[in-house]
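Peer 1: This is the structure I have questions about; it appears just below.
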Amino acid sequence: MKRVAIIGAGCSGLAAIKSCLEDGFEPVCFERDDDIGGLWRYSTTSKVGNGSVYKTCVINTSKEMMSFSDFPPPQEFPMFMPHRFVLKYFRMYAESFGLIKYINFKTSVENIIPATDYGLSGQWRVTYISGDGESKTEVFDGVLVCTGHHTYPHIPEFEGLETFTGKYIHSHGYKENVEFTGKRVLVVGIGNSAVDITVDLSHVAAQTYISTRRGAWVISRMGFWGLPADAIANCRFLFKLPTSILQWCVEKMANFRFDHEGYGECELPSEEIMMEDVQAKREAMEKTYVKSKRHTLQCFWVEYMDELADMIGVKPDLWKLFFEDPKLAIRCIFGPCVPAQYRLMGPGSWNGARSTIKGSVQRCLFPTRTKLLPKNATGKENQSLYSISIPRHLHPYFIILFIVFIFFHLCIV
């Protein structure tokens, strides 16, 4: 049995362990801390090289969109989970699939180099220091690096910073707002962490300012009909529309609130083709996102996931799905593109994928339904906001939109 070294026991590391087990490999995971969770394991102190979250941190991706493809989150969990719920979800995943026993805790990987016969074996030499301080080297058939990229803070240089008498820190080192009580605070940047921390500080600081070198759109996590914005935006139908129409829709939504080759299972393309694809992706990213270290990993969710899924044979066949289960096909097209869609067919397909997809909206809304609505005069429950917002006489238009989607799908594919 081939052995695979996995560096890190965060969400990617846990998924890597499970995938190795499913495909007949022996996973050996190295985690330098004493617990799983990586970035989402809250600590009162921060350490350079480790991920860090603050006490009030809430994930900005809805629970359905961030979930493992074959492990839906509990419906009673919040729509947007605080860090403690994210960690609890990871623990449930690890315990459900028996992953903990494959993790070597308090073990730090020091070096990874090709084996002396790498040209023939493709193996790697991994040197690590175990919990007792002993240095060891082992040979593995593969290495998966799952250490994340939110570990080293970058503080920009400002003129006069060396003479500033106040305190300045990076968001990596921010934990609570208590020490800023009654102070005037400037938050530099307008990313997700900056906005969250600004709101947190505003509760105790005398005055809170936020600065950015360029303009920005500030959009709520919540979208229409009480659903998460990412569950609405990451929809196959939208990404099959012409770019001009999609941009128009996004602008309208933004203004709505503010008015302004693995191991033989698939064949890799040639290096030349891969480099051309990399260059094309970079050019597209440069046109779409601002140039910064943080935005190097940005992408469009549906397009990127479909591209990866197509490579390994798990991209949903919408035509086949439409004839087998029309209602499910419509959910896959017009509903949130949840990870379970990539468990419907192909390698690693999962029998629970259909029910997970069909129940995704219900699980999103469940924690918000703290009160039961009274029944109306007809004895039926009151209409949902969705049915009120979209009258019955408009439903045929959704059928027309579906036909348009199929047309664009055929033209593009």
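When we follow my numbering, the leftmost residue of the sequence shown carries the number -17, and every step to the right adds one.
No residue lacks a Cβ here, since even glycine has one placed at the ideal position from N, Cα and C.
In this structure, how does DSSP classify ILE151 when only helix, strand and coil are distinguished?
Peer 2: ILE151 falls in the coil class under three-state DSSP.
Peer 1: I need the straight-line Cα distance from PRO96 to GLU13, nearest angstrom please.
Peer 2: Looking at the two C-alpha atoms, the distance is approximately 21 Å.
Peer 1: Out of ARG325, GLN344, PRO329 and GLY341, point me to the one whose CA is closest to ALA335's CA.
Peer 2: Checking every option, the nearest Cα to that of ALA335 belongs to ARG325.
Peer 1: Bridge partners of ASN93, per DSSP?
Peer 2: According to DSSP, ASN93 bridges with THR109.
Peer 1: Which residue wins for smallest C-alpha separation from THR26, given the options GLY330, ALA215 and VAL160?
Peer 2: Minimum Cα distance to THR26 is reached at VAL160.
Peer 1: Beta carbon of CYS217, beta carbon of GLY341: below 9 Å?
Peer 2: Taking 9 Å as the Cβ cut-off, CYS217 and GLY341 do not qualify as a contacting pair.
Peer 1: For ALA(-2), which residues of its own chain have a beta-carbon under 6 Å away from its beta-carbon, when the five flanking residues on both sides are left out?
Peer 2: The residues are ILE(-12), LEU126 and CYS128.
Peer 1: For ILE137, does the three-state DSSP call read helix, strand or coil?
Peer 2: Coil at ILE137, not helix or strand.
Peer 1: DSSP three-state label for PRO60, please.
Peer 2: It is coil, neither helix nor strand.
Peer 1: If you follow the alpha helix (DSSP H) that GLN344 is part of, which residue opens it and which one closes it?
Peer 2: That run of the alpha helix (DSSP H) goes 342 to 347.
Peer 1: With the cut-off set at 9 Å, would you say ASP17 and PHE79 are in Cβ contact?
Peer 2: Going by C-beta atoms, ASP17 is not nearer than 9 Å to PHE79.
Peer 1: Going by other Cβ atoms of all chains shown within 10 Å of its Cβ, with 16 needed for buried, is LYS45 buried or exposed?
Peer 2: Result: buried.
Peer 1: Rounded to the nearest angstrom, what separates SER28 and ILE151 at their Cα positions?
Peer 2: C-alpha separation (whole angstroms): 11 Å.
Peer 1: If I'm right that GLY33 touches GLY171 with Cβ under 8 Å, what's the distance once you round it to whole angstroms?
Peer 2: The pair is not a contact, with the Cβ atoms about 18 Å apart (cut-off 8 Å).
Peer 1: Looking at C-alpha atoms only, which residue of MET257, GLU258 and GLN280 is the closest neighbour of GLU268?
Peer 2: Cα-wise, what sits closest to GLU268 is GLN280.
Peer 1: According to the Cβ coordinates, are MET47 and TRP207 closer than 9 Å?
Peer 2: Taking 9 Å as the Cβ cut-off, MET47 and TRP207 do not qualify as a contacting pair.
Peer 1: I need the straight-line Cα distance from ARG345 to TYR71, nearest angstrom please.
Peer 2: Roughly 14 Å separates the two Cα atoms.
Peer 1: Below 8 Å on the Cβ atoms is my contact criterion, and I expect PRO298 with GLN323 to pass it. Report the Cβ-Cβ distance as a whole number of Å.
Peer 2: So it is a contact: roughly 5 Å between Cβ atoms.
Peer 1: From what residue to what residue does the beta strand (DSSP E) around ALA40 run?
Peer 2: Reading the sequence as shown, one finds Val at residue 40 and not Ala. It is not in any beta strand (DSSP E) - VAL40 carries neither H nor E in the DSSP assignment.
Peer 1: Measure from the alpha carbon of LEU3 to the alpha carbon of each residue in TRP22, LEU69 and ALA76, then state which is nearest.
Peer 2: Nearest option by C-alpha distance: ALA76.
Peer 1: Quick one: what's ASN86 bridged to in DSSP?
Peer 2: In the DSSP output, where bridge partners are listed per residue, ASN86 has PHE12.
Peer 1: Measuring CA to CA, which of ILE111, ALA188 and TYR156 is closest to VAL167?
Peer 2: Checking every option, the nearest Cα to that of VAL167 belongs to ALA188.
Peer 1: Note down the Cα distance separating MET287 from CYS319, rounded to an integer number of angstroms.
Peer 2: Going by the C-alpha atoms only, they are around 10 Å apart.
Peer 1: Please name the residue, chosen from GLY20, VAL40 and ARG(-15), that lies closest to GLY6 on a Cα-to-Cα basis.
Peer 2: Checking every option, the nearest Cα to that of GLY6 belongs to ARG(-15).
Peer 1: Pull the bridge partners of GLN189 from the DSSP assignment, please.
Peer 2: ARG166.
Peer 1: Quick one: give me the first and last residue of the beta strand (DSSP E) that ARG351 is part of.
Peer 2: Taken as a continuous stretch (DSSP letters only), ARG351 belongs to no beta strand (DSSP E), as it is neither H nor E.
Peer 1: On the criterion of 16 or more Cβ atoms from any shown chain inside 10 Å, does LEU183 qualify as buried, or is it exposed?
Peer 2: Buried: at least 16 other Cβ atoms inside 10 Å.
Peer 1: Mapping the DSSP letters down to three states, classify LEU126 as helix, strand or coil.
Peer 2: Three-state result, LEU126: strand.
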